[in-house]
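The sequence shown: position 142 = 181 (the numbering used here), numbered continuously. Ideal placement from N, C-alpha and C gives every residue a C-beta, glycine not left out.
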Amino acid sequence: MKSILKKLFLGNLSKVEKPEFNPVQKRIQNINAIWNNNHQNDNGIEKLVRLFLSSSQLLFPGVYIKYLAYLIGYEYRDLALDFYVLLKVIFPLLILMNHWQEFNFVIWLMIYVLLETVLYIPTLIFASDMISKPNSYKRSMLLLFLNYVEIIFSFAVLYSCGNYLNQPFQHWFDAIYFSTINSASIGYGDFYPVTTIGRVLATAQAFLFLFFVVLFMNFFTTKIKAKGYFDNENES
40 MKSILKKLFL GNLSKVEKPE FNPVQKRIQN INAIWNNNHQ NDNGIEKLVR LFLSSSQLLF
100 PGVYIKYLAY LIGYEYRDLA LDFYVLLKVI FPLLILMNHW QEFNFVIWLM IYVLLETVLY
160 IPTLIFASDM ISKPNSYKRS MLLLFLNYVE IIFSFAVLYS CGNYLNQPFQ HWFDAIYFST
220 INSASIGYGD FYPVTTIGRV LATAQAFLFL FFVVLFMNFF TTKIKAKGYF DNENES
């Protein structure tokens, strides 16, 4: 049974190449590569943005979870990240289902991990120097889809934290429903924001929708086929 589970979750370990550096070291190398213009001769606002994005990942748990998994065994890095992403998807659902919105620390914790997700994709796109390409691009795209689902669920929690819409939610799934149709820019008219905070949330989610769909589809579908978005030779 143990061997079956290991095969299921870890795959063929003989094909897993042991990395020379741990995830934290790779992130620091990434920052240094951008600072020293090792792979891209950028400057000004572009360089500032790339440095910010690359450095921001050190402020969140993801890279340290990968580091701790690396200490256990480098083959566990991807598995640990998978569980972390799934946990971030489930967390806002638990908040909605158990009505934890009244606990401020829970909401701020959700916003904190949500911010990590929001900054993750632009980091991959604009600040990927010295970051090893993944074993599977399909896995990366699946995780990014889960990131987007997390954003929908997290905004559902934020919408349910106050009377920001024209009517209150009757069921916890109503919040997910509104968040989903808002992210898809459908707008049936049964729910709509009537306060400034509600409009700010809806606007922010609309921007994130455009960010994920337009940038993700345009960038990843074209880059994955050839060298991939982690290839140092690809500077376009």
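Residue environment, residue i, which counts as buried when at least 16 other CB atoms sit within 10 Å
{"i": "A223", "result": "exposed"}
{"i": "V128", "result": "buried"}
{"i": "F60", "result": "exposed"}
{"i": "K177", "result": "exposed"}
{"i": "F230", "result": "buried"}
{"i": "N71", "result": "exposed"}
{"i": "L148", "result": "exposed"}
Cβ pair residue i, residue j closer than 9 Å
{"i": "L92", "j": "T162", "result": "yes"}
{"i": "K65", "j": "I73", "result": "no"}
{"i": "A243", "j": "P232", "result": "no"}
{"i": "I191", "j": "I215", "result": "yes"}
{"i": "I150", "j": "S193", "result": "yes"}
{"i": "I160", "j": "L185", "result": "no"}
{"i": "L158", "j": "F208", "result": "no"}
{"i": "Y109", "j": "Y115", "result": "yes"}
{"i": "N76", "j": "N82", "result": "yes"}
Own chain partners of residue i with C-beta closer than 6 Å, once the 5 adjacent residues on each side are dropped
{"i": "F248", "result": "S222"}
{"i": "L90", "result": "I73"}
{"i": "V152", "result": "K127"}
{"i": "R238", "result": "P232"}
{"i": "V88", "result": "none"}
{"i": "S95", "result": "L158"}
Residues bridged to residue i [DSSP beta-bridge criterion]
{"i": "P232", "result": "L204"}
Chain-order list of residues whose beta-carbon lies under 7 Å from that of residue i (same chain, five-residue window excluded)
{"i": "L181", "result": "none"}
{"i": "Q140", "result": "I134, I146, V196, S199, C200"}
{"i": "I236", "result": "G201, Y203"}
{"i": "I220", "result": "G226, Y227"}
Distance between residue j and residue i (C-alpha atoms, nearest Å)
{"i": "S167", "j": "F246", "result": "23 Å"}
{"i": "H210", "j": "N143", "result": "21 Å"}
{"i": "Y227", "j": "P131", "result": "24 Å"}
{"i": "M40", "j": "D121", "result": "21 Å"}
{"i": "F250", "j": "I164", "result": "12 Å"}
{"i": "E189", "j": "Q68", "result": "29 Å"}
{"i": "D117", "j": "Y187", "result": "19 Å"}
{"i": "Q206", "j": "M136", "result": "19 Å"}
{"i": "I84", "j": "A119", "result": "34 Å"}
{"i": "F212", "j": "L125", "result": "19 Å"}
{"i": "H138", "j": "I111", "result": "36 Å"}
{"i": "V252", "j": "L154", "result": "18 Å"}
Own chain partners of residue i with C-beta closer than 8 Å, once the 5 adjacent residues on each side are dropped
{"i": "V355", "result": "This structure does not reach residue 355, given that the chain is present from 40 up to 275, and the question cannot be answered."}
{"i": "N202", "result": "T234"}
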